[in-house]
Structure formats: C-alpha cells, structure tokens
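Below is one structure, written out as structure tokens; the observations come after it.
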Amino acid sequence: MDASFLSLEGKIALITGGSRGIGMETALTFADAGAAVAIASRKLPDLEAVANKIRALGRPALTVSAHARRPEDLMALVEKVMETFGRIDILVNNAATNPGMGPLIEADEKLFDQIMETNLKGYFLLSQLVGRIMMTQKNGVIINVSSAAGVSPAEGLGPYCISKAGINMLTKTLAMELGPYNIRVNAIAPRIVSTGFSRALWSNEKLMEQEYRNVPL
Numbered sequence: 360m361d362a363s364f365l366s367l368e369g370k371i372a373l374i375t376g377g378s379r380g381i382g383m384e385t386a387l388t389f390a391d392a393g394a395a396v397a398i399a400s401r402k403l404p405d406l407e408a409v410a411n412k413i414r415a416l417g418r419p420a421l422t423v424s425a426h427a428r429r430p431e432d433l434m435a436l437v438e439k440v441m442e443t444f445g446r447i448d449i450l451v452n453n454a455a456t457n458p459g460m461g462p463l464i465e466a467d468e469k470l471f472d473q474i475m476e477t478n479l480k481g482y483f484l485l486s487q488l489v490g491r492i493m494m495t496q497k498n499g500v501i502i503n504v505s506s507a508a509g510v511s512p513a514e515g516l517g518p519y520c521i522s523k524a525g526i527n528m529l530t531k532t533l534a535m536e537l538g539p540y541n542i543r544v545n546a547i548a549p550r551i552v553s554t555g556f557s558r559a560l561w562s563n564e565k566l567m568e569q570e571y572r573n574v575p576l
C-alpha cells in the first residue's frame, strides 16, 4: 500500500491481529510511513514473517504472542511494548474471530461468548490499558476495526454483527471520554475484504454477486 501521503516518523504503533490480512497490511503501511510497529497475534512464527518485512523497510518491529481473549496476555503485551519503546502513539484493535455461521436463533452460547470476548471485550480491555497510557502522554490515536456488518445485519453472521455493533458504540464512548486528553478514537467499517479471515464470504459467487449489486460504482 502506498504510504506517501502519510508521515508517522517517530511514532510507535501497536496492532493486534497483525500476522495477516488487514492487520498485516496496516503494519506494513505504518512502517512504510515511518512508524516503529509492535504486532500481536497468537502465532509467533507468522508474526516474525511480518516483522521481517517491517525491518526490511528499515523500521523497528516487535512481535508478541497474545490471545485477545486472555486479559493477562493483553497486560503482558502492553508491558512489553512500553518496555521496548517507552510509549504508544497508535493502537489498532484488529484481532477478530467468527468461527461459525448460521441463524442467530440457533447460535451456540459458547460460540457467542467466544466472538464477544475476542471481538468486543478484547478491544475494550486493550483500549483501557493503552488509553490510560495515552492519557498520561496527553496524545494518542485508537483505531478500532469494525465492519459494515455492525451497521446492517448480514445473514448467518448474527453474533459477529452484534460484536461489531458493540465496537461502534465502544468507539463513540471512548472518543467522547478521551477527546479532552487529545486522544482521537475512530473506527473503520470494511465490507468484505479478500483476506483469509473472510474467505467463506468472498469465495461464494452468489453472495458476491449480491454484494456487487449494492456497490454504485
């Protein structure tokens, strides 16, 4: 991705779900724009592959294995980033899961909890941890990766849609509370992106035909 329009020279960015897809591309774009980047995900070898690409751009990279559903992992992640870089200027909450599809009325409770804990609670906890640091810095940016599915329901994706709708309100509330500390909080809401995470959607020709009909240009 072309980062010539953006300068993040001297900034420290922390990105969850940074080993692939949107998280990986964000990490590489930020590095290309001048930032040092800490990336977190469950699988360290995948993170190291991305970190090597960041270092090839001449930027520092830190990899931390962390599970978004484990509060202790998130605390250790933030501690490691602070120990290494001394500050956090940008947080990108991107880690997400959607292990099953089907009618909401038939959704399994454990699956529902898993999605909420990863997609919503994980964002909440990490935003708290990093937000407090940014409050002392009197500066910072938090970017939450939401989804168009958090605005309009998508068939078969009920729990996922609910989690993303929660992210939207989390974002608005944090923006209101942290604004006085010179901290910006925003969300982005992609539709279907051609990543491994959403393969079941974009590989479905019938579904994609429906999607394309909703795109005006």
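Mapping of the sequence shown onto my numbering: position 195 corresponds to residue 554, and the numbering continues sequentially without gaps. Beta carbons: idealized from backbone N, C-alpha and C, even for Gly. Owing to the predicted nature of the structure, the values given are computational and were not obtained by experimental measurement.
Own chain residues within Cβ distance below 7 angstroms of residue i, not counting five before or after
| i | result |
| --- | --- |
| Gly555 | Because the pLDDT at Gly555 is just 49, under 50, the model does not fix this residue reliably, and the point stays unresolved. |
| Ala410 | Ile398, Ala420, Thr422 |
| Ala466 | Gly517, Pro518 |
| Arg401 | Ser424, His426 |
| Ile474 | Thr456, Asn457, Pro518, Tyr519, Ser522 |
| Ala508 | Leu516, Tyr519, Cys520, Lys523 |
Proximity of residue i and residue j at Cβ, strictly below 8 angstroms
| i | j | result |
| --- | --- | --- |
| Ile547 | Val489 | no |
| Gly354 | Met460 | In this structure the chain extends from 360 to 576, so residue 354 is not present and cannot be described. |
| Val440 | Leu373 | yes |
| Ile413 | Leu406 | no |
| Ala454 | Thr375 | yes |
| Leu485 | Asn527 | no |
| Ile492 | Asn545 | no |
| Ala395 | Ser366 | no |
| Pro539 | Ser506 | no |
From the options, residue whose alpha carbon lies closest to that of residue i
| i | options | result |
| --- | --- | --- |
| Pro419 | Ala386, Cys520, Asp405, Val437 | Ala386 |
| Asn498 | Leu403, Val409, Asn541 | Asn541 |
| Met434 | Ala394, Asn478, Phe483 | Phe483 |
| Leu533 | Ala507, Met494, Ala508 | Met494 |
| Leu416 | Gly445, Leu479, Asp472, Ala390 | Ala390 |
| Asp432 | Asp472, Glu384, Gly481 | Gly481 |
Which of helix, strand or coil DSSP assigns to residue i
| i | result |
| --- | --- |
| Gly555 | Its pLDDT being 49, under 50, Gly555 is placed unreliably by the model, and the measurement read from it follows with that caveat. Gly555: helix per DSSP, three-state reduction. |
| Tyr540 | helix |
| Thr532 | helix |
| Leu373 | strand |
| Val409 | helix |
Cβ neighbours of residue i in the same chain (closer than 8 angstroms, five flanking residues each side left out)
| i | result |
| --- | --- |
| Glu476 | Ala427, Arg428 |
6 angstroms CB neighbourhood of residue i in its chain, flanking five on each side removed
| i | result |
| --- | --- |
| Pro512 | Cys520 |
| Val500 | Ile449, Arg543 |
| Thr443 | Leu421 |
Cβ of residue i within 8 angstroms of any chain C Cβ
| i | result |
| --- | --- |
| Asn503 | The structure shown contains no chain C, having only a single protein chain. |
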